[in-house]
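Colleague:
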Amino acid sequence: MAGEGRRRYLGAVDLGGSKILSVVADHEGRMVGEDRRPTDAEEGPEAGLERLGASIEAALANAGLRRDDLRAVGVCSPGPIDPARGVIPRAPNLPGWHDVPVCQYLAGRLGVPTILENDATAAAYGEFVYGAGRGFRHIVYITVSTGIGGGLVLDGRLYRGASGAAGEIGHITIDVDGPLCGCGKPGHVEALASGRAIAREAQAVLARGGSPRLARLAEEEGEVSAETVYRAALEDDAEARRIIQRAGYYLGIGLAAYVDLFNPEIIIIGGGLRHMGELYLGPAREEMARRAMDEPLKAVRLVEAELGDYTGAMGIVALLREGAATA
Ligand SMILES: [Zn+2]
Numbered sequence: 421m422a423g424e425g426r427r428r429y430l431g432a433v434d435l436g437g438s439k440i441l442s443v444v445a446d447h448e449g450r451m452v453g454e455d456r457r458p459t460d461a462e463e464g465p466e467a468g469l470e471r472l473g474a475s476i477e478a479a480l481a482n483a484g485l486r487r488d489d490l491r492a493v494g495v496c497s498p499g500p501i502d503p504a505r506g507v508i509p510r511a512p513n514l515p516g517w518h519d520v521p522v523c524q525y526l527a528g529r530l531g532v533p534t535i536l537e538n539d540a541t542a543a544a545y546g547e548f549v550y551g552a553g554r555g556f557r558h559i560v561y562i563t564v565s566t567g568i569g570g571g572l573v574l575d576g577r578l579y580r581g582a583s584g585a586a587g588e589i590g591h592i593t594i595d596v597d598g599p600l601c602g603c604g605k606p607g608h609v610e611a612l613a614s615g616r617a618i619a620r621e622a623q624a625v626l627a628r629g630g631s632p633r634l635a636r637l638a639e640e641e642g643e644v645s646a647e648t649v650y651r652a653a654l655e656d657d658a659e660a661r662r663i664i665q666r667a668g669y670y671l672g673i674g675l676a677a678y679v680d681l682f683n684p685e686i687i688i689i690g691g692g693l694r695h696m697g698e699l700y701l702g703p704a705r706e707e708m709a710r711r712a713m714d715e716p717l718k719a720v721r722l723v724e725a726e727l728g729d730y731t732g733a734m735g736i737v738a739l740l741r742e743g744a745a746t747a
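First residue of the sequence shown? That's 421 in our numbering, and the numbers climb one at a time after it.
1. Specify which residues have a beta carbon nearer than 7 angstroms to any heavy atom of ligand 1, listing them in chain order.
2. Could you have a look at Thr534 and say whether DSSP puts it in helix, strand or coil?
3. Starting from the Cα of Ile664, find the closest Cα among Leu574, Leu699, Thr648 and give me that residue.
4. With distances taken between CB atoms, is the gap from Val443 to Ala479 smaller than 8 angstroms?
5. How would you label Met421, buried or exposed, when you count the other beta carbons within 10 angstroms and need 16 or more for buried?
6. So what's Ile589 in DSSP terms, helix, strand or just coil?
7. Looking at C-alpha atoms only, which residue of Gly642, Gly702, Met713, Val644 is the closest neighbour of Ala677?
8. Look up Asp657 in the DSSP assignment and say whether it is helix, strand or coil.
9. Using 10 angstroms around the beta-carbon of Leu654, count the other beta-carbons present and answer buried if the total reaches 16, otherwise exposed.
10. Looking at the strands, I want to know which residues DSSP matches up with Trp724.
11. Considering Cα atoms alone, identify which of Pro465, Ala445, Asp434, Pro503 is closest to Ala481.
12. Between the C-alpha atoms of Gly576 and Pro521, what's the straight-line distance to the nearest angstrom?
13. Taking contact to mean 3 or more Cβ pairs, one atom from each stretch, closer than 8 angstroms, check whether the stretch 637 to 652 and the stretch 578 to 586 are in contact.
14. In chain order, what residues of the same chain have a beta carbon less than 7 angstroms from the beta carbon of Asp502, not counting five sequence neighbours either side?
15. Measure the CB-CB distance between Ala745 and Ile535 and report whether it falls below 8 angstroms.
16. Who does Pro458 pair with in a DSSP beta bridge?
17. Hey, quick one: how far does the beta strand (DSSP E) through Ser404 stretch, first residue to last?
18. Since Ile736 and Cys496 are thought to touch, with beta carbons under 8 angstroms apart, how far apart are those beta carbons, to the nearest angstrom?
19. Cβ atoms of Ser438 and Arg457: under 8 angstroms apart, would you say?
20. How about the stretch 687 to 705 and the stretch 555 to 571: do they share at least three Cβ pairs that are nearer than 8 angstroms?
21. What did DSSP end up calling Pro465 once you bin it into helix, strand or coil?
22. Using DSSP with H/G/I as helix, E/B as strand and the rest coil, what is Thr731?
23. Is Val573 closer than 8 angstroms to Ile594 when the C-beta atoms are compared?
24. So, helix, strand or coil for Gly553, using DSSP?
25. Would you identify the three-state DSSP class for Ile562, choosing helix, strand or coil?
26. Where do the ends of the alpha helix (DSSP H) carrying Asp714 lie?
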């Protein structure tokens with residue numbers, strides 16, 4: 421029989437709307453195995469849980485390990501979570517997932533303690549311990565992709581707030597009568613600065629017959645995504661460049677609020693839209709500088725995340741290493 425001494429490895433899963441990424445790390449936080457597979461969220465929560473478990477087991481096998489080598493497992497997932505019960509109450513991009521008992525399922529399947537964390541919160545901690553935030557104590561992490569999420573490390577500690585919802589920069593109001601956000605409320609940063617906002621703006625441009633280049637790319641791809649707009653911008657399409665710069669401008673307004681509220685040393689930008697580089701982040705930086713107070717502005721730098729796809733999973737690894745999971 422395997423003794424407790426065998427149980428030295430940590431499993432971390434980033435459950436996304438489109439893909440699952442599992443990582444196995446040793447007790448020093450070094451990654452030794454991984455697995456990627458589609459979430460196929462439309463198949464429902466039961467199939468999804470089964471896939472989560474299978475993904476961790478595949479990451480273990482990838483590292484040449486077995487189930488009883490695991491000491492603890494953690495999952496991060498977008499949207500609200502209930503960490504005390506280990507339940508995902510609802511998930512905006514996982515249709516049909518209501519009150520899904522993630523921790524209970526994985527604890528039963530794998531026989532180890534488990535934790536559940538919001539993905540942007542986990543990512544903030546991952547960058548703090550292993551990424552761009554190393555050596556800093558006051559960190560704002562923001563992920564910009566289809567939506568916008570965020571997490572806070574304040575005075576060297578992860579700050580979750582009363583309901584685990586702290587740091588949600590995406591849902592600060594910046595335009596009182598602005599378009600509706602993914603959360604259903606008007607004028608939030610996410611509604612004006614996210615990938616979804618960029619795509620919506622591009623559709624409006626196409627609807628009024630603007631930008632033939634964007635129209636051609638949209639027809640080739642069969643849809644207009646933020647990525648389509650970025651491709652048109654790389655081809656020097658003025659309208660596409662304007663749409664992305666405008667989204668960056670709105671992000672900067674949100675960032676200025678963060679600078680004034682938290683006086684961070686660094687703001688780390690993760691998520692897919694950071695690949696748009698200065699076209700997007702330049703206007704964000706400018707607008708942040710134009711609106712934030714002088715003193716906190718002098719203290720802050722805007723940097724890109726360093727851990728790529730692994731930010732969330734590595735945050736879970738860091739939390740597990742600190743003993744976040746108890747049976
Ligand atoms: Zn919102």
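Ideal Cβ placement from N, Cα and C applies to all residues, glycine included. All values derive from a computational prediction rather than experimental measurement.
Modeller: Here's the rundown:
1. Gly590, His591, Cys601, Gly602, Cys603, Lys605, His608, Glu610, Ala611
2. Working through the sequence shown from its first residue, we reach residue 534 at position 114. Strand.
3. Residue mapping note: residue 664 aligns to position 244 of the sequence shown, counting from 1. For the residues Leu574, Leu699, Thr648, the minimum Cα distance to Ile664 belongs to Leu699.
4. For the purposes of this step, residue 443 is taken as residue 23 along the sequence shown, with counting starting at 1. For the purposes of this step, residue 479 is taken as residue 59 along the sequence shown, with counting starting at 1. Yes, they are a contact pair.
5. Along the sequence shown, one-based indexing puts residue 421 at 1. Residue placement at Met421 is flagged as unreliable, the pLDDT there being 44, under the threshold of 50; the coordinate-derived value follows with that caveat. So Met421 ends up on the exposed side.
6. For the purposes of this step, residue 589 is taken as residue 169 along the sequence shown, with counting starting at 1. Correct three-state label for Ile589: helix.
7. Taking the sequence shown and counting its residues from 1, one reaches residue 677 at position 257. For the residues Gly642, Gly702, Met713, Val644, the minimum Cα distance to Ala677 belongs to Met713.
8. For this step, residue 657 is matched to residue 237 along the sequence shown. Coil.
9. Taking the first residue of the sequence shown as 1, we reach residue 654 at position 234. Exposed is the call here.
10. Position 304 of the sequence shown holds residue 724. Strictly speaking, residue 724 in this sequence is Glu, with Trp absent from that position. Per DSSP, Ile689.
11. If you number the sequence shown from 1, residue 481 lands on position 61. Among Pro465, Ala445, Asp434, Pro503, the Cα nearest to that of Ala481 belongs to Ala445.
12. In the sequence shown, the residue the question calls residue 576 occupies position 156. In the sequence shown, the residue the question calls residue 521 occupies position 101. Their backbone Cα atoms lie some 30 angstroms apart in a straight line.
13. no
14. Within the sequence shown, numbered from 1, the residue matching residue 502 stands at position 82. Cβ neighbours of Asp502 beyond the five flanking positions: Pro509.
15. Locating residue 745 in the sequence shown gives position 325, where the first residue counts as 1. Locating residue 535 in the sequence shown gives position 115, where the first residue counts as 1. Yes, the pair counts as a contact, with Cβ atoms nearer than the cut-off.
16. In the sequence shown, residue 458 corresponds to position 38, counting from 1. DSSP, once it has assigned bridges, lists Lys439 as partnering Pro458.
17. The first residue shown for the chain is 421 and the last is 747, placing residue 404 beyond what the model contains.
18. Looking up residue 736 in the sequence shown gives position 316. Looking up residue 496 in the sequence shown gives position 76. That belief holds up - the Cβ atoms of Ile736 and Cys496 are roughly 6 angstroms apart, short of 8 angstroms.
19. Numbered from its first residue, the sequence shown carries residue 457 at position 37. Numbered from its first residue, the sequence shown carries residue 438 at position 18. It is not a contact, given that the beta carbons lie outside the stated cut-off.
20. yes
21. For the purposes of this step, residue 465 is taken as residue 45 along the sequence shown, with counting starting at 1. Pro465: helix per DSSP, three-state reduction.
22. Locating residue 731 in the sequence shown gives position 311, where the first residue counts as 1. Of the three classes helix, strand and coil, the one that applies to Thr731 here is helix, per DSSP.
23. For the purposes of this step, residue 594 is taken as the residue at position 174 of the sequence shown. For the purposes of this step, residue 573 is taken as the residue at position 153 of the sequence shown. Going by C-beta atoms, Ile594 is not nearer than 8 angstroms to Val573.
24. Your numbering for residue 553 matches position 133 in the sequence shown. The answer is coil: DSSP assigns Gly553 none of H, G, I, E or B.
25. Here the question's residue 562 lines up with position 142 in the sequence shown. Three-state result, Ile562: strand.
26. As a first step, residue 714 must be located in the sequence shown, where it is residue number 294. That run of the alpha helix (DSSP H) goes 714 to 719.
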